[in-house]
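Sequential numbering of the sequence shown, starting at 6, is according to the numbering used here. All residues carry an ideal CB built from backbone N, CA and C; glycine is no exception. Note that the structure is a prediction, hence the values are computed from the model and not measured. Scroll down for the structure; my scribbles are underneath it.
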Amino acid sequence: MLITDLVLHPIAISDPPLRSSYGLHAPFALRTIVELKTDSGLTGISETYGGDGPLAGLEAVRQRVTGMDPFQLAGLSRDLTAAAAQEMDSTPGGRTQTYLVPGENPLDRHARTFAAIEIACLDLIGKAVGKPVCDVIGGRVRDQVSFSAYLFYKHGVFSGPEDEYGEVLDPQSCVRECRQMISQYGFREIKLKGGVLDPDVEILTLRALRDTFGPAYPLRIDPNCAWSVETSVRVGRELQAELSDGGYLEDPCATLEGMAEVRRRLLAEGNHTPQASNVAVTCFADVPRAKELDAVQIVLSDPHYWGGMRNVQYLSHLTGVLGMGLSMHSNSHLGVSLMAMTHVAAACPNLTYACDTHYPWQTAEDEVVVGGRIPFVDGAVQIPDRPGLGVDLDYDQVARGRERYARIPYRRRDDEAEMRKRVDPNWKRVLPRW
Ligand SMILES: [Mg+2]
C-alpha cells in the first residue's frame with residue numbers, strides 16, 4: 006500500500022465567544038482535515054490545526070509523503086525532527102506556549118505536521134488490517150475514555166442567535182453552565198479555564214462548583230500563566246480543599262522556575278495540590294527539567310502537537326517511569342480529532358485523569374463525520390468496533406466547512422485581536438495580569 010495523494014481541506018467551524026488569558030475566541034475556529042489516498046483504494050483521515058501556518062507545513066511534506074508506505078513513518082519523523090532541531094538551534098528562548106496559542110507556535114510546527122500525517126497513516130493501517138487504531142498502536146487498556154467538563158467564562162453571542170450557554174461571567178452562571186454540560190454529557194471531572202476574571206471571583210467560582218457538585222467531581226483550574234507566583238500561591242492556598250481529591254492547578258504562572266517556586270511554597274504549608282502543564286511543558290525536552298525542579302507533576306499530552314499518537318504513548322511511559330501523572334490538553338475540534346484523542350488515550354496505561362475536550366463547544370451543524378456528533382455516555386467516548394479511527398468523512402459537511410473558511414477573512418488564530426475588536430479596544434495580554 007502506497008500513498009498516492011495528500012488532500013487538505015481547510016475548514017472553519019463556529020466557535021462561541023470563549024475567554025482565556027490569551028483573549029477571546031473568534032466566531033470561527035480554523036481546522037484542517039487531512040486525507041491520505043492510497044493505491045489500495047483505502048483513504049486515511051486526520052484533523053489538525055487550521056489556517057495558513059499549518060497548511061503550509063503540510064504542503065511542505067506533500068512530495069515527501071506521496072509514494073510513501075504508511076507503515077513506514079520513522080523516516081518522515083527523522084526528517085522532520087532534524088529540520089526542527091536545526092531551527093531550535095537558531096531560536097533562543099525555547100518553544101513554550103506562554104505567549105503563543107497552540108497551533109501558532111512555529112517551533113512545534115514539524116511535530117504538528119508529522120502528527121497529522123501519522124494519525125492519517127494509523128487510520129489507513131487500521132483499515133488495512135481490520136483493527137481499531139488503539140489496537141494497532143499496541144492495544145487498548147480501556148474501552149472508553151473519560152473526558153472532563155471544560156468550563157469557560159464567555160460572553161453572550163455578539164451577533165446572531167444566542168448559544169445554549171449564554172453569558173457566563175460570574176460564579177453562578179458558571180455553575181449553570183456546568184450543570185447544563187454535565188446533564189448533557191455526563192462528565193465526572195470539571196475543568197475551569199481561568200485567568201479571565203479577578204482571581205477572587207475565580208476562587209468563588211470553584212467554591213460554588215464544589216458546593217454544587219461535591220467532592221465526587223474533581224476540580225481543576227487553568228489560568229494559562231495569568232498569575233504571578235505570589236497570586237498562584239494565594240489561590241493554591243485558598244483552593245486547597247477544592248483542588249484536592251483528584252484535582253490540579255494548571256499553569257498558574259509562567260515558566261518552570263515560577264511553577265517550581267509555587268510548588269515549594271505550597272508544599273512548605275503542607276499543601277500537596279499537584280500542578281499540571283501544557284504551556285511550560287510542550288515537548289519531551291521539557292520533561293526532565295520539569296521533573297528536576299518538581300515544577301510539574303502532571304504533563305498534559307496532545308497528539309496534535311506532541312508529534313502524534315505514538316509520541317503520546319511514549320510520554321505515557323516516560324511520565325510513568327518518572328512518577329508523574331498524565332492528562333490530555335485540547336483545542337477547538339471536531340469528531341476526527343476527538344476519535345484520535347480517544348484512541349490514543351485508550352492505549353496509554355499511565356493516563357491518570359479525564360482528558361480535556363472542547364467538543365461540547367462545537368455544534369452538529371459543523372460536524373464533518375458521517376452520522377453527526379459523537380456520543381458521550383457518562384462523560385466517556387467508546388472505542389467504536391470498526392477499523393481505523395472508526396469515523397468517515399461526510400463530504401457535504403466538509404464542503405460546507407470549506408465554504409465557511411473561504412468566506413471569513415482571517416487565516417490564523419489571534420485571540421488578542423479578537424478581544425480588542427469585540428470587548429476592549431485597548432486590551433493587551435499582560436503576564437502576569439494578577
Ligand atoms: Mg492548559
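The beta strand (DSSP E) enclosing residue i, as first and last residue numbers
i: L224; result: L224 to D227
i: V150; result: Q149 to S151
i: S19; result: I8 to S19
i: A154; result: A154 to F157
i: Q280; result: Q280 to S282
i: I195; result: I195 to K198
i: L331; result: G330 to M333
i: T48; result: T48 to Y54
i: A351; result: Not the beta strand (DSSP E): A351 falls in the alpha helix (DSSP H), residues G340 to A351.
i: E255; result: Y253 to E255
i: Q387; result: A385 to Q387
i: V173; result: Run containing V173: none; DSSP gives neither H nor E here.
i: L305; result: I303 to S306
Proximity of residue i and residue j at Cβ, strictly below 7 angstroms
i: V134; j: Y158; result: no
i: E40; j: V12; result: yes
i: Q302; j: P279; result: yes
i: G62; j: R114; result: yes
i: E266; j: V234; result: yes
i: L29; j: M329; result: no
i: E52; j: V341; result: yes
i: D307; j: R268; result: no
i: G406; j: I16; result: yes
i: T5; j: T9; result: Residue 5 is absent from the structure shown; the chain starts at 6 and stops at 439.
i: V403; j: V374; result: no
i: L20; j: S237; result: Going by the sequence as given, residue 20 is Asp instead of Leu. Contact flag unset, no.
i: P392; j: G46; result: no
i: D361; j: Y155; result: yes
i: P59; j: T37; result: yes
i: V201; j: R427; result: no
i: S282; j: D250; result: no
i: L211; j: E167; result: no
i: W432; j: P204; result: no
i: A369; j: G377; result: yes
i: D383; j: G191; result: yes
i: M73; j: P365; result: no
i: L261; j: A295; result: yes
i: P228; j: G199; result: yes
i: A120; j: H348; result: no
i: A352; j: I122; result: no
i: V304; j: L339; result: no
Any non-hydrogen atom of ligand 1 closer than 6 angstroms to residue i Cβ
i: D227; result: yes
i: N336; result: no
i: E109; result: no
i: N454; result: The structure shown does not extend to residue 454, since the chain spans only 6 to 439, so no value can be given for it.
i: E207; result: no
i: N283; result: yes
i: E255; result: yes
Assumed close pair residue i, residue j - CB separation to whole angstroms, cut-off 8 angstroms
i: V4; j: I208; result: Outside the shown range of the chain, which is 6 to 439, sits residue 4, and nothing can be said about it.
i: R193; j: A350; result: So it is not a contact: roughly 15 angstroms between Cβ atoms.
i: L323; j: V292; result: 6 angstroms
i: R417; j: E182; result: Between E182 and R417 the Cβ distance is about 28 angstroms, and since that is not below 8 angstroms, they are no contact.
i: T217; j: V180; result: 5 angstroms
i: V138; j: P354; result: Not a contact, Cβ separation roughly 16 angstroms.
i: I379; j: L356; result: I379 to L356, Cβ: 19 angstroms. No contact.
i: C230; j: S26; result: 7 angstroms
i: A89; j: A116; result: 7 angstroms
Range of the contiguous alpha helix (DSSP H) that encloses residue i
i: K132; result: R114 to V134
i: I208; result: P204 to F218
i: G58; result: D57 to A65
i: V234; result: V234 to E243
i: V326; result: M314 to V326
i: Y400; result: Y400 to R412
i: K512; result: Residue 512 is absent from the structure shown; the chain starts at 6 and stops at 439.
i: D74; result: Looking at the DSSP string, D74 is not in any alpha helix (DSSP H), and its letter there is neither H nor E.
i: D140; result: V138 to V141
i: L271; result: L261 to A273
i: H417; result: The sequence given here has Arg at residue 417, not His. No alpha helix (DSSP H) contains R417, which DSSP labels as neither H nor E.
i: D291; result: D291 to E297
CB contact below 7 angstroms: residue i versus chain C
i: S237; result: The structure shown contains no chain C; it holds only a single protein chain.
query = Do three or more CB pairs link the region 150-165 to the region 408-422 at distances below 8 angstroms?
reply = no
Would you check if the region 307-315 and the region 122-133 touch, i.e. whether three or more CB-CB distances between them fall below 8 angstroms? yes
task: May I ask you to verify whether the region 377-388 touches the region 210-229, counting CB pairs closer than 8 angstroms and requiring at least 3?
output: no
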